[in-house]
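One structure is given here, and the rest of the page talks about it.
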Amino acid sequence: MFKATCNSRDFKKVINATSNLVDEICFEVDETGIKASAMDPSHVALVSMGMPKEVFESYEGDIHDIGIDLEALKKIIARSKGDEKLILELDDEKNKLNVTFKSNVTRKFSIALYDVSSSNLKVPDISYPNQVSIKAGAFVEALKDAELVNDHITLKVDEDKFVIYSKGDLNQSETVFENNNDEYETLTEFKMSEPSKSTFNLAYLKDLTKSTSAEDILKIYLGSDMPVKIEYEVSGSKLVFLLAPRIES
Amino acid sequence: MFKATCNSRDFKKVINATSNLVDEICFEVDETGIKASAMDPSHVALVSMGMPKEVFESYEGDIHDIGIDLEALKKIIARSKGDEKLILELDDEKNKLNVTFKSNVTRKFSIALYDVSSSNLKVPDISYPNQVSIKAGAFVEALKDAELVNDHITLKVDEDKFVIYSKGDLNQSETVFENNNDEYETLTEFKMSEPSKSTFNLAYLKDLTKSTSAEDILKIYLGSDMPVKIEYEVSGSKLVFLLAPRIES
Amino acid sequence: MFKATCNSRDFKKVINATSNLVDEICFEVDETGIKASAMDPSHVALVSMGMPKEVFESYEGDIHDIGIDLEALKKIIARSKGDEKLILELDDEKNKLNVTFKSNVTRKFSIALYDVSSSNLKVPDISYPNQVSIKAGAFVEALKDAELVNDHITLKVDEDKFVIYSKGDLNQSETVFENNNDEYETLTEFKMSEPSKSTFNLAYLKDLTKSTSAEDILKIYLGSDMPVKIEYEVSGSKLVFLLAPRIES
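Protein chains in written order, with the numbering used here: chain A, 1 to 249; chain B, 250 to 498; chain C, 499 to 747.
What follows is the structure in structure tokens.
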């Protein structure tokens with residue numbers, strides 16, 4: 001069996017973040033919580049989410065693989081209002097996931113399960129030379145700046161600086177975050193062991209960070225021509241994204 | 250002659266509610282006020298509005314049939330701002346309706362009259378087994394829930410419950426309003442003489458209730474496979490809608 | 499050389515106002531400030547802007563013609579947030595204009611210069627019989643009213659009245675601003691030496707006034723079948739527009 005109760009706002013944020021790159025997913029449920037990982041259709045990005053039992057108000061779960069049409073789930077979750085109570089319940093017989101919102105009225109949705117088997121994908125354990133932590137709002141703004149000039153973007157770590165830049169045929173944009181020189185604490189962590197530079201598809205990076213709030217802290221792992229790993233937390237749930245670099249020929 | 254002055258905000262709401270299903274209408278004006286009724290082009294829904302003389306700040310009217318392009322009138326009324334004074338005046342000679350907004354400037358529109366004769370439609374006097382009153386906001390939200398799963402919706406009255414549900418091939422949605430168990434007073438009235446269930450076209454129900462405010466109280470009359478009748482008031486003006494059921498074959 | 503620092507909000511407003519009718523422009527820079535004039539592609543309207551040295555926080559400039567893709571500049575300026583410091587700097591070697599926003603982070607854009615030579619256009623020195631000054635908000639609303647009935651609009655000055663009206667085949671709209679009878683001070687100046695009436699293309703008039711704020715005072719110069727001249731100021735910068743009348747045949 002599987003039945004879990006949580007705050008609809010937090011669950012909404014996790015589902016939105018997961019569904020920006022992936023259409024269907026398999027929730028791997030067990031007594032410790034919910035996990036899910038998937039690659040985007042073009043296999044450029046990997047999305048992984050983990051909601052430990054502790055983030056739920058109440059939680060009971062045996063081992064289940066619950067295949068979900070994320071697009072349908074997202075639309076249903078979008079119908080929640082503010083801080084409603086949200087109840088997820090597996091209906092094994094009918095092969096459905098029941099999603100119930102409780103406030104002054106009870107609103108119940110049922111979604112047919114997909115026959116998606118667990119991917120058993122794991123985020124690979126790569127060792128990175130550099131890691132910065134930055135407020136999501138500032139990172140997203142830098143992506144929007146870059147979008148004006150090109151469809152790819154370079155993330156560079158060098159000498160107490162984290163630089164995001166993009167060059168087009170005519171115009172260019174550049175945002176510089178300086179370590180130890182930031183009264184607003186936008187760049188909250190800066191660990192560099194060697195200068196690095198990698199270029200990424202801008203649309204993917206935008207999707208990866210679309211559901212963040214401005215104050216979320218993104219933990220970004222970087223190396224030269226390595227995939228970028230971006231991690232952040234939503235009230236105890238963990239989101240991890242991996243994006244392959246664009247190798248310039 | 251016909252000349253009436255009122256608050257633009259109230260008139261806007263009545264016209265918007267009326268025009269969601271109907272493109273042209275004949276205002277039947279006399280000394281007691283304005284009335285109008287019309288069926289939608291596919292003859293599935295009937296719309297009826299009544300603005301008694303008392304809702305106007307000043308009112309003078311002889312018997313007139315004033316045929317109006319509701320789309321044009323709606324656009325003009327949409328140009329009013331907040332609580333302007335609105336003056337409606339028939340220009341018999343030029344065959345126009347003058348619509349004047351008065352605030353710090355005077356803005357005047359003239360609309361050519363249509364040759365629409367009075368429909369003499371009346372809302373049929375049907376006796377209904379059940380009647381519930383519900384806040385428009387909650388009703389509209391239930392329609393939006395249903396929209397995620399199908400294009401029709403079932404309204405059910407049973408055992409101290411008013412249930413709105415929709416079933417799709419894969420997913421389903423259901424909102425339950427319980428009588429006597431509602432601290433927010435969403436369901437303000439519940440009269441049942443026998444259980445009933447009817448299914449309606451969701452798009453029509455959405456149009457019927459599109460111009461409501463969340464706190465408006467909808468008086469809903471229901472019976473099994475009977476048309477639904479929905480009534481509400483806007484500052485003394487009355488709106489009545491009748492919608493034929495979808496008979497499942 | 500050319501390097502100037504100003505408030506991003508003011509510069510944004512001037513650029514937006516200029517770019518509504520014109521795609522590219524040549525900033526004529528010298529030690530007294532920035533000037534630019536251009537005609538719209540169909541040569542119906544003339545746009546002229548002047549930012550004297552005094553409106554900048556700091557300003558250094560030799561004589562330069564800086565050809566700009568206004569569309570690209572507008573998009574970049576749109577990326578500024580609130581009252582950031584904005585630095586414009588000519589990079590003569592690379593033939594680029596650098597646009598830098600400074601707040602807690604430094605964001606820098608470079609735009610390639612266009613090969614647009616100075617137009618040497620001047621706003622012709624026409625003598626007008628009439629001139630009114632009016633709040634931009636009220637003027638823009640009158641244009642929106644007119645838009646409901648036709649694609650051209652007539653500006654009329656007569657006997658202590660400034661009237662904006664539009665006639666369609668079926669409907670018409672009219673806004674009357676009365677001199678000396680306006681507690682809200684919408685019409686702040688009224689000088690008439692003879693009654694006048696001219697008709698203009700509504701879409702152009704909308705573009706000319708699109709970037710105004712409701713409280714901006716538009717100085718409007720009018721005569722019968724003469725071009726209309728509209729002037730307003732943005733924190734010391736001057737915008738002038740000239741629009742040819744539509745001559746009814």
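Glycine residues also receive a C-beta, built at the ideal position from the N, C-alpha and C atoms.
- Residue environment: B:Asn420 is assigned as buried (16 or more neighbouring CB atoms within 10 Å of its CB, all protein chains considered).
- The alpha-carbon of A:Asp145 is positioned some 21 Å away from that of A:Ser196.
- The straight-line gap separating the alpha-carbon atoms of B:Ser415 and A:Ala72 is approximately 15 Å.
- Here C:Ser517 carries a helix assignment [DSSP, helix/strand/coil].
- Rounded to the nearest whole angstrom, the CA to CA distance from A:Leu121 to A:Ala38 is 7 Å.
- Taking 7 Å as the cut-off between beta carbons, the residues of the region 106–121 of chain A near chain B are Thr106, Arg107, Lys108, Phe109, Ser110, Ile111, Ala112, in sequence order.
- With 16 or more other CB atoms across the displayed protein chains lying within 10 angstroms of its CB, C:Lys727 is buried.
- Beta bridge pairing from DSSP links A:Ser173 with A:Ser166, C:Phe607.
- Residues are counted here when their Cβ sits less than 7 Å from a Cβ of chain B; for the region 53–80 of chain A these are Ala72, Lys75, Ile76, Arg79, given in chain order.
- Here C:Gly559 carries a strand assignment [DSSP, helix/strand/coil].
- The alpha carbon of B:Asp340 has as its nearest neighbour, out of B:Lys455, B:Phe251, B:Asn269, the alpha carbon of B:Phe251.
- Between C:Asp649 and C:Ala701, the beta carbon gap of about 7 Å places them in contact (Cβ cut-off 8 Å).
- Listed by position along chain A, the residues whose Cβ is nearer than 7 Å to that of B:Phe449 form an empty set, because the closest Cβ is around 19 Å away.
- Taking a C-beta distance under 9 Å as the contact criterion, C:Phe599 and C:Val630 do not qualify as a contact pair.
- Counting C-beta pairs with one atom in each stretch, the region 625–639 of chain C and the region 296–313 of chain B have fewer than three that are closer than 8 Å, which means they do not touch.
- For C:Val674, the residues of chain B that pass the 9 Å Cβ criterion are Val354, Thr355, Arg356, Lys357, in the order they occur in the chain.
- Listed in chain order, the beta strand (DSSP E) elements of length 3 or more contained wholly in the region 442–478 of chain B are 445–450, 466–471.
- Per DSSP, C:Ala742 lies in no beta strand (DSSP E) and is assigned neither H nor E.
- Taking a 10 Å sphere around the C-beta of C:Ile745, we find fewer than 16 other C-beta atoms and assign the residue as exposed.
- Taken through DSSP and simplified to helix, strand or coil, A:Leu148 comes out as coil.
- Note that the C-beta distance between B:Ser473 and B:Ser447 is below 9 Å.
- When Cβ-Cβ separations below 9 Å define contact, A:Val149 makes contact with chain C.
- The residues Asn450, Tyr453, Leu492, Ala493, in chain order, have a CB closer than 8 Å to that of B:Val293 in the same chain once the five nearest residues on each side in sequence are set aside.
- By the C-beta density criterion, A:Asp169 is exposed, having fewer than 16 other C-beta atoms within 10 angstroms.
- Membership of C:Glu569 in any beta strand (DSSP E) is not indicated; the residue belongs instead to the alpha helix (DSSP H) covering 568–576.
- Residues of the region 452–464 of chain B with a Cβ closer than 7 Å to any Cβ of chain A: none.
- Across the structure, C:Asp538 and B:Asp332 are spaced so that their CA atoms are roughly 39 Å apart.
- Only residues of its own chain outside the window of five on either side were considered, and among them Asp279 have a CB closer than 6 Å to the CB of B:Ile312, listed in chain order.
- Against chain C, the CB of A:Ala38 has no partner CB under 9 Å away; the residue lies outside that interface.
- Neighbours of A:Lys144 in chain C, taken as residues whose beta carbon is under 7 Å from its own, are Arg577 in chain order.
- Assigned with DSSP and collapsed to three states, A:Val140 falls in helix.
- Inter-residue distance for C:Thr707 and C:Cys524 is about 21 Å (C-alpha atoms, whole angstroms).
- Here B:Leu335 really is in contact with B:Phe260; their C-beta atoms are around 6 Å apart, less than 8 Å.
- A:Ser110 and A:Ser80 have their alpha carbons spaced roughly 14 Å apart.
- Beta bridge pairing from DSSP links A:Glu178 with A:Lys161.
- Relative to B:Leu295, the option among B:Asp456, B:Glu443, B:Ile413, B:Glu482 whose CA is nearest is B:Asp456.
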